[in-house]
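Worksheet for the structure shown next.
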């Protein structure tokens, strides 16, 4: 069984990454401790995969 991966966006620099929950505490791009926002696409109208562009 494969673990589901979400798309996360750094609240400080906007970097996005795909990883299994929970996201890292430190952003790999800006190296800051930040809150990662889940911007995964869950609905069919945004294709159901990847990043939901409406969320960031």
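In the numbering used here, the protein residues as written are 1 to 56. Virtual Cβ for every residue (Gly too), placed ideally from N, Cα, C. Here the structure is a predicted model, which is why all the values come from computation and not from measurement.
Exercise for the section: Please specify which runs of the beta strand (DSSP E), each continuous and at least 3 residues long, are wholly inside the segment 12-41, giving them in chain order. Expected result: 16-19, 36-38
Exercise for the section: With DSSP as the reference, please indicate the residues paired to residue 10 in a beta bridge. Expected result: DSSP, once it has assigned bridges, lists 36 as partnering residue 10.
Handout entry: Sheet register partners of residue 51 (DSSP bridge)
Key = 40
Practice task
Answer with buried or exposed for residue 10, where buried requires no fewer than 16 other C-beta atoms within 10 angstroms of its C-beta.
Solution key: buried
Handout entry: Straight-line Cα distance separating residue 18 from residue 55
Key = 15 Å
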